[in-house]
Each structure stands twice: as C-alpha cells, then as structure tokens.
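For the sequence shown, the residue numbers in this note's numbering are 472 to 676.
Let me begin by presenting the structure, written as structure tokens, before commenting on it.
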Amino acid sequence: MTLMPTDELAPLQTTEQLVQLLERSRHRSERPDGPDESARPAASERVGILDHGLQCAAVLRRDRPDDLELQVAGLVHDLGHVAVPADADGHGRHGRVLFADLLGERVAALVELHVAAKRYLVTVESGYGGTLSPGSVRTLAEQGGPMTPAEVVAFEAEPHHLDAIVLRRADEAAKVPGRVVPGLDEWIPRIEALVATRRILNTRP
Ligand SMILES: [Fe+2]
472 MTLMPTDELA PLQTTEQLVQ LLERSRHRSE RPDGPDESAR PAASERVGIL DHGLQCAAVL
532 RRDRPDDLEL QVAGLVHDLG HVAVPADADG HGRHGRVLFA DLLGERVAAL VELHVAAKRY
592 LVTVESGYGG TLSPGSVRTL AEQGGPMTPA EVVAFEAEPH HLDAIVLRRA DEAAKVPGRV
652 VPGLDEWIPR IEALVATRRI LNTRP
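Shown next, in the form of structure tokens:
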C-alpha cells in the first residue's frame, strides 16, 4: 500500500484538470472488486465514483437549487479516492487540498467535512446508522466510529458543518445503480461559472 501525505498532492488549478480527474473516476469505484468474493461490494455499492458524484450533485441541485458551491462539492466529494487510491481514510483531506485553490475554501471544507459528518450523525441522531449502506458502515469504523463529546463540539464549531450534513445525506442517497441523472456535460459549464466567479472576486481590489 502506498500512502501519499496530503502535502505532496498538487492542488488543481484549472477546470480542465478537474474534468480530467472526474473522467478518471468514471470507471472507478470506492471499493474495487477484488479476488476475495466475500470482500466484494454489494450491488448498491457498485455505482462508480463519477455516477455517485453526479447523483449526489443532482440531489443537492434539487434540494438547494441556489447553492452551486454545495452542488459542486457533491459532485467532487469523493475524488480524493481517485487522486490517492490507497488511502480511503484520507479521501476527505485529500479532496480539501485538491479543490481549495480552484473551487474555494467553502467547497474544500465541505468535501473534507463530509467524512466527519457521517461520524457526527451516527453519534447525535438515533437511527441514522441504520440508513447507512454496508460500505458506509464498514468505513465508519475505519474513520473512527462515533464521535467523542469533544469531537461533537469541535464539529459543531466548524463554520460549514450544517451544509456538510446536507452533503452527507445527499451522499448516502446517491448510490442507486442505474439511476439516470444529468451527466458531466451539464456540470462542466456550472463548474466554469463557479471558477469564473471566484476569479472575479479574487481580483477585486
Ligand atoms: Fe460519497
């Protein structure tokens, strides 16, 4: 196993680089099929990372039509798995590094916090654990399991934690094999619009 420290990841600088990473995710799954039959993902978890992101973005576009940053965060939230395939635990942190420059601090924070949001919901919301997919249950333990009281306080102090919870619920709802949602072609102009808006804001005196 090759683990890559997050500080060796190069932050994305252009929409083209992001689209290339999304294209690379098209035939990747969070848990690739291995030779061990018992370790193979359930059918509900065979949605590829790109289709999963597109479903997640579609849920968020329906629920939060005016929040393009949240929608794009949903689209890209699992690309850390593609950039650093052997470090599932770190995929949120890797995503934060990848997207901070191009998509901004809020999108980057949402991507990182979607991992902690699962641990938070399992801790504070009775019944949430029963809604998780088998894969989410499995990775929950690897990610640290339920939060301690101090971790709950720290999570609730994060400025974007409420939107990270919205993203987390969309994430769990976005694992439906064969669901037809708008494709990557429809998202590229929206990503370009988000990037262009950020560039204008960043060049203002
Ligand atoms: Fe996800």
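A virtual CB, placed ideally from N, CA and C, is assigned to each residue, including glycine.
Start and end residues, alpha helix (DSSP H) containing residue i
| i | result |
| --- | --- |
| Arg-675 | Here Arg-675 belongs to no alpha helix (DSSP H), and DSSP marks it neither H nor E. |
| Ala-528 | 520-534 |
| Arg-499 | Run containing Arg-499: none; DSSP gives neither H nor E here. |
Proximal residues to residue i (C-beta, below 6 angstroms), its chain only, five neighbours per side dropped
| i | result |
| --- | --- |
| Arg-535 | Leu-541 |
| Gln-641 | For clarity, residue 641 is Ala in the given sequence; the question names Gln instead. Counting only Cβ-Cβ distances below 6 angstroms, and skipping sequence neighbours, we find Cys-527, Val-530, Leu-531 and Gly-545. |
| Glu-501 | His-552 |
| His-562 | Gly-551 and His-552 |
| Val-652 | Leu-525, Gln-526 and Ala-529 |
| Arg-495 | Val-553 |
Distance, residue j Cα to residue i Cα
| i | j | result |
| --- | --- | --- |
| Ala-644 | Val-547 | 15 angstroms |
| Arg-675 | Gln-488 | 25 angstroms |
| Ala-483 | Leu-569 | It is Leu, not Ala, that sits at residue 483 in the sequence shown. Their Cα atoms are separated by approximately 5 angstroms. |
| Ala-628 | His-523 | 29 angstroms |
| Asp-558 | Ala-612 | 15 angstroms |
| Thr-610 | Pro-648 | 20 angstroms |
| Ser-604 | Leu-633 | 22 angstroms |
| Leu-493 | Leu-539 | 17 angstroms |
| Ala-587 | Arg-670 | 29 angstroms |
| Ala-667 | Asp-656 | 17 angstroms |
| Leu-581 | Ala-635 | 5 angstroms |
| Gly-519 | Arg-533 | 21 angstroms |
| Leu-665 | Asp-549 | 19 angstroms |
| Glu-596 | Val-543 | 26 angstroms |
| Arg-499 | Ala-579 | 22 angstroms |
Own chain, CB closer than 7 angstroms to residue i, minus 5 neighbours either side, in chain order
| i | result |
| --- | --- |
| Thr-602 | Glu-643 |
| Val-537 | Note on identity: in this sequence residue 537 is Asp, with Val being the wrong assignment. The answer is none, since no qualifying residue turns up. |
| Pro-506 | Any answer about Pro-506 is weak, because its pLDDT of 42 lies below 50 and its placement is not dependable; what the coordinates show is given next. There are no such residues. |
| Thr-594 | Pro-617, Met-618 and Val-623 |
| Arg-615 | Here residue 615 turns out to be Gly, not Arg, going by the sequence shown. Arg-590. |
Own chain, CB closer than 8 angstroms to residue i, minus 5 neighbours either side, in chain order
| i | result |
| --- | --- |
| Arg-480 | With the sequence shown as reference, residue 480 is identified as Leu, and Arg is not the correct amino acid for it. Once the five neighbours on either side are set aside, the close Cβ partners of Leu-480 are Ala-554, Val-555, His-565, Val-568 and Leu-569. |
| Glu-508 | In this predicted model, Glu-508 has a pLDDT of only 42, less than 50, meaning its place in the structure is not dependable enough to derive any value. |
Query raised in the report: What alpha helix (DSSP H) runs, 4 residues minimum, are completely inside the stretch 543-593?
Result: Listed in chain order, the complete alpha helix (DSSP H) runs (minimum 4 residues) inside the stretch 543-593 are 551-554 and 562-574.
Query raised in the report: What alpha helix (DSSP H) runs, 4 residues minimum, are completely inside the stretch 612-666?
Result: Every alpha helix (DSSP H) stretch that sits fully inside the stretch 612-666 and reaches 4 residues is listed by chain position as 620-627 and 632-643.
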